[in-house]
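Student:
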Amino acid sequence: MPTPTQIVTSHRPDLAPYETLYQHFHAHPELSNQESETAATISSHLAALSPAFTIHPHIGGHGLAAVLSNGSSSSSGPTVLLRADMDALPVEEATGLPYASRRRMRDAEGNEKPVMHACGHDVHVTALLAAAELLVRVRGEWSGTVVLCFQPAEERGTGAQAMVDGGLYERVGGLPDVVLGGHVMPNRAGTISLRKNLMASSADSLHITLHGRGSHASQPHRSIDPVVMAASAVTRLQTIVSREVAPDDLAVVTVGSIVGGDAENVIPGSAVMKVDTRAINASTRERVLKSVERIVRAECEASGALKEPEFRKTREFPLMFNDEKIVETLTGAFAEHFQELPHHFARDGPRLGGSEDFAILGTSINRPCCFWVYGGTDPEVWDKLEKEGKLDELPINHSPLFAPVLQPTLKVAVDAYALGALTYLVKQSDFL
Ligand SMILES: [Zn+2]
Ligand SMILES: [Zn+2]
4 MPTPTQIVTS HRPDLAPYET LYQHFHAHPE LSNQESETAA TISSHLAALS PAFTIHPHIG
64 GHGLAAVLSN GSSSSSGPTV LLRADMDALP VEEATGLPYA SRRRMRDAEG NEKPVMHACG
124 HDVHVTALLA AAELLVRVRG EWSGTVVLCF QPAEERGTGA QAMVDGGLYE RVGGLPDVVL
184 GGHVMPNRAG TISLRKNLMA SSADSLHITL HGRGSHASQP HRSIDPVVMA ASAVTRLQTI
244 VSREVAPDDL AVVTVGSIVG GDAENVIPGS AVMKVDTRAI NASTRERVLK SVERIVRAEC
304 EASGALKEPE FRKTREFPLM FNDEKIVETL TGAFAEHFQE LPHHFARDGP RLGGSEDFAI
364 LGTSINRPCC FWVYGGTDPE VWDKLEKEGK LDELPINHSP LFAPVLQPTL KVAVDAYALG
424 ALTYLVKQSD FL
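Under the numbering used here, the first residue of the sequence shown carries the number 4, and numbering increases by one thereafter.
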């Protein structure tokens, strides 16, 4: 009986056509909730691969699930969900790659934006399609069900919940036993890692409107200046992390945007701040958000604002925890397959840099989940910068320069999906 790693190694499809497909996705990114072309390409690719995939489109927007069952009934083995997110970001690509995106699209507010796969979701989609080809080729070696889940709107934090609310699990005919996913990161390409428990921080984003009173720039005494109010609030907000969060805890408060006024000689009537917060435990998360509100209200009060500030939550991502048992199970398979050299598989790897809505696919149905990360930085570039102590200069996810090197990034991504599934599905598996 071949092991999952033997199956993956001997049946991995030729990745050259998938490199071309990756370049296609990269050149044609779509903003969150507008992933129609991407979903259509995925659907036609799967349909061309094999009639064995049952494709369920339009789940929670442009979400798509494809089911590959094996065995006489659904009780013949476990069900594994593999997730890839599909959306891109309003970022103007500056990589200079021959397949760089030049696309522009209208965002949800109707504003035209440049669009780029700056988070590497094109790697995820391509890798899951290649893994699907591998899994359908080796159907004789496993039993159970694979659910390929192509999720929209991860960057807005809404896509996973939208798919669940849109009937994902009713459409695919049942709940998965395990929910698996991964993300490309700016780590050294060829590396992959798992970790137990906390995998990603929570994230909460707010739009805050500060109300003042406008005036002529020469007559500041007639105004209540919202620009000064915002400037003062930004400075004071820095004290949440430095003075209110314990040194062994962790939180982030970032003011990513302040917009107030349009001209040198006009004091505007209001200003808008866009604030993003992160935390690694639920109580700190709540405390940080309360502190943001308390400080902003106090600064408005201090300025003599005539109207209370308005707070609008624009995004939220849950804390993400990896199930210990899945991590233990996959650690065995990953360690064997990827080898445990300094630059291959790490058991206790880093947390995800950002936040993710992936866990909702599991927590919403009380099923365990696990998320791994793998590198996308050219090993030569990584080694050079590491030697020079300049790793902080690497372009990371969401940068206009984020450009994962095609290989070995894609191979690791494909193998991880296939291995994740086969570890549970190869016959006589007793992991569950
Ligand atoms: Zn992202
Ligand atoms: Zn991402």
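Note that CB positions come from ideal geometry on N, CA and C, so glycine has one too.
Model, not experiment: these values are computed from the prediction.
Indicate the three-state DSSP secondary structure (helix, strand or coil) for His219 in the structure shown.
Tutor: As a working mapping, residue 219 is identified with position 216 in the sequence shown. Correct three-state label for His219: strand.
Student: With the cut-off set at 9 Å, would you say Asn325 and Phe374 are in Cβ contact?
Tutor: Translated into positions along the sequence shown, residue 325 becomes position 322. Translated into positions along the sequence shown, residue 374 becomes position 371. Going by C-beta atoms, Asn325 is nearer than 9 Å to Phe374.
Student: Determine whether the beta carbon atoms of Leu309 and Ile195 lie at a separation below 9 Å.
Tutor: Here residue 309 is taken as the residue at index 306 of the sequence shown, counted from 1. Here residue 195 is taken as the residue at index 192 of the sequence shown, counted from 1. Their beta carbons are not under 9 Å apart, which means Leu309 does not touch Ile195 by this criterion.
Student: Helix, strand or coil: how does DSSP classify Met166 here?
Tutor: For the purposes of this step, residue 166 is taken as residue 163 along the sequence shown, with counting starting at 1. Helix at Met166.
Student: Starting from His320, trace the beta strand (DSSP E) in both directions and tell me its first and last residue.
Tutor: Sequence index remark: in the sequence shown, residue 320 carries index 317 (1-based). The sequence shown places Phe at residue 320, not His. Counting along the chain, the beta strand (DSSP E) containing Phe320 begins and ends at 313-320.
Student: Can you grab the Cα-Cα spacing for the pair Thr148 / Thr212, in whole Å?
Tutor: Along the sequence shown, read from residue 1 onward, the residue named residue 148 stands at position 145. Along the sequence shown, read from residue 1 onward, the residue named residue 212 stands at position 209. Approximately 49 Å, taken between the alpha carbons.
Student: Is it buried or exposed for Ala416, if we count other Cβ within 10 angstroms and need 16 for buried?
Tutor: Position 413 of the sequence shown, counting from 1, holds the residue named residue 416. Answer is buried; the Cβ neighbour count reaches 16.
Student: On the criterion of 16 or more Cβ atoms from any shown chain inside 10 Å, does Asp125 qualify as buried, or is it exposed?
Tutor: The residue given as residue 125 occupies position 122 in the sequence shown. Flag for Asp125 reads buried.
Student: Just how far apart, CA to CA, sit Arg198 and Leu333?
Tutor: Residue mapping note: residue 198 aligns to position 195 of the sequence shown, counting from 1. Residue mapping note: residue 333 aligns to position 330 of the sequence shown, counting from 1. Taking the straight line joining both Cα atoms gives about 10 Å.
Student: Would the region 340-353 and the region 51-58 be scored as touching if the rule is three or more Cβ pairs under 8 Å?
Tutor: In short, these stretches do not touch, since the Cβ pair count stays below three.
Student: Are the beta-carbon atoms of Pro271 and Gly307 separated by less than 9 Å?
Tutor: Sequence index remark: in the sequence shown, residue 271 carries index 268 (1-based). Sequence index remark: in the sequence shown, residue 307 carries index 304 (1-based). No.
Student: Between the alpha carbons of Ser35 and Met119, how many angstroms are there, rounded?
Tutor: On the sequence shown, residue 35 is found 32 positions in, with the first residue counted as 1. On the sequence shown, residue 119 is found 116 positions in, with the first residue counted as 1. So the alpha carbons of these two residues sit roughly 11 Å apart.
Student: Can you find a heavy atom of ligand 2 that lies under 8 Å from the Cβ of Gly160?
Tutor: On the sequence shown, position 157 is the one that residue 160 refers to. No, Cβ of Gly160 sits at least 8 Å from all heavy atoms of ligand 2.
Student: Can at least three beta-carbon pairs, one atom from the region 313-331 and one from the region 361-380, be found at a separation below 8 Å?
Tutor: When Cβ pairs closer than 8 Å are counted between the two stretches, the region 313-331 is seen to touch the region 361-380, the count reaching three or more.
Student: So, helix, strand or coil for Arg109, using DSSP?
Tutor: Your numbering for residue 109 matches position 106 in the sequence shown. Arg109: strand per DSSP, three-state reduction.
Student: From the DSSP secondary-structure annotation, give me the bridge partner or partners of Phe348.
Tutor: By 1-based counting over the sequence shown, the position of residue 348 is 345. DSSP, once it has assigned bridges, lists Ile195 as partnering Phe348.
Student: Going by other Cβ atoms of all chains shown within 10 Å of its Cβ, with 16 needed for buried, is Glu396 buried or exposed?
Tutor: For this step, residue 396 is matched to residue 393 along the sequence shown. Flag for Glu396 reads exposed.
Student: For the beta strand (DSSP E) containing Met276, list its first residue and its last residue.
Tutor: In the sequence shown, the residue the question calls residue 276 occupies position 273. Unbroken beta strand (DSSP E) run through Met276: 273-282.
Student: Three-state secondary structure (DSSP) at Ser77?
Tutor: Here the question's residue 77 lines up with position 74 in the sequence shown. Residue confidence is low: Ser77 scores 48 on pLDDT, short of 50, so the model does not pin down where it sits. Its coordinate-derived value is still stated next. Ser77 falls in the helix class under three-state DSSP.
Student: In chain order, what residues of the same chain lie with their CB nearer than 8 Å to the CB of Arg107, ignoring the 5 residues before and after it?
Tutor: As a first step, residue 107 is located in the sequence shown; it is residue number 104 there, counting from the start. Within the same chain, Arg107 has close Cβ partners Glu115, Lys116, Pro117, Val118.
Student: In three-state DSSP terms, what is Lys310?
Tutor: Numbered from its first residue, the sequence shown carries residue 310 at position 307. Note: Lys310 maps to coil in three-state DSSP.
Student: Can you list, in chain order, the residues of its chain with a C-beta nearer than 6 Å to that of His29? Leave out the 5 residues immediately preceding and following it.
Tutor: As a position in the sequence shown, residue 29 is number 26, starting the count at 1. Around His29: Tyr102, His120, Asp125.
Student: Since Ala134 and Leu85 should fall inside the 8 Å C-beta cutoff, what is the C-beta to C-beta distance between them, to a whole number of angstroms?
Tutor: As a working note, residue 134 is residue 131 in the sequence shown. As a working note, residue 85 is residue 82 in the sequence shown. Yes, they are in contact, since the Cβ atoms of Ala134 and Leu85 sit about 7 Å apart, within 8 Å.
Student: Would you call the CB atoms of Ile283 and Leu201 closer than 9 Å?
Tutor: Counted from its first residue, the sequence shown places residue 283 at position 280. Counted from its first residue, the sequence shown places residue 201 at position 198. Yes; because the gap between Cβ atoms is below 9 Å, this pair is in contact.
Student: Locate the alpha helix (DSSP H) running through Tyr172, then write down its first and last residues.
Tutor: For the purposes of this step, residue 172 is identified with residue 169 of the sequence shown, where counting begins at 1. Where Tyr172 is concerned, the enclosing alpha helix (DSSP H) stretches over 171-174.
Student: Evaluate Ala419 with the Cβ neighbour count: other Cβ atoms within 10 Å of its Cβ, from every protein chain shown; 16 or more gives buried, anything less gives exposed.
Tutor: Counted from its first residue, the sequence shown places residue 419 at position 416. Buried, because 16 or more other Cβ atoms sit within 10 Å of the Cβ of Ala419.
Student: What I want to know is whether the C-beta of His210 ends up closer than 8 Å to one or more non-hydrogen atoms of ligand 1.
Tutor: The count along the sequence shown starts at 1 and reaches residue 210 at position 207. Every heavy atom of ligand 1 is 8 Å or more from the Cβ of His210, so no.
Student: Taking the beta carbon of Ser104 as the centre, do at least 16 other beta carbons fall within 10 Å, making it buried, or is it exposed?
Tutor: Position 101 of the sequence shown holds residue 104. If you draw a 10 Å sphere on the C-beta of Ser104, you find 16 or more other C-beta atoms in it, and that means buried.
Student: Within 8 Å, do at least three Cβ pairs link the region 344-356 to the region 149-163?
Tutor: no
Student: Contact between the region 31-50 and the region 86-97 is defined here as three or more beta-carbon pairs at a separation below 8 Å; is this criterion met?
Tutor: yes
Student: Per the contact definition of three or more C-beta pairs closer than 8 Å, is the region 173-191 in contact with the region 377-386?
Tutor: Taking a cut-off of 8 Å on C-beta distances, the region 377-386 touches the region 173-191, as three or more cross pairs fall below it.
Student: Looking at the secondary structure, which residues open and close the alpha helix (DSSP H) in which His14 lies?
Tutor: Along the sequence shown, read from residue 1 onward, the residue named residue 14 stands at position 11. Note, His14: alpha helix (DSSP H), 7-14.
Student: Report the rounded CA-to-CA distance for Glu319 versus Arg290, giving the unit in angstroms.
Tutor: Within the sequence shown, the letter at position 316 stands for residue 319. Within the sequence shown, the letter at position 287 stands for residue 290. Approximately 15 Å, taken between the alpha carbons.
Student: Here's the rule: buried if 16 or more other CB atoms are within 10 angstroms of the residue's CB, otherwise exposed. What is His186?
Tutor: Sequence index remark: in the sequence shown, residue 186 carries index 183 (1-based). His186 counts as buried, since at least 16 other C-beta atoms from the protein chains shown sit within 10 angstroms of its C-beta.
Student: Look at the alpha carbon of Ile243 and the alpha carbon of Leu425, and state the distance between them as a whole number of angstroms.
Tutor: For the purposes of this step, residue 243 is taken as residue 240 along the sequence shown, with counting starting at 1. For the purposes of this step, residue 425 is taken as residue 422 along the sequence shown, with counting starting at 1. If I take the Cα positions, the gap works out to 46 Å.
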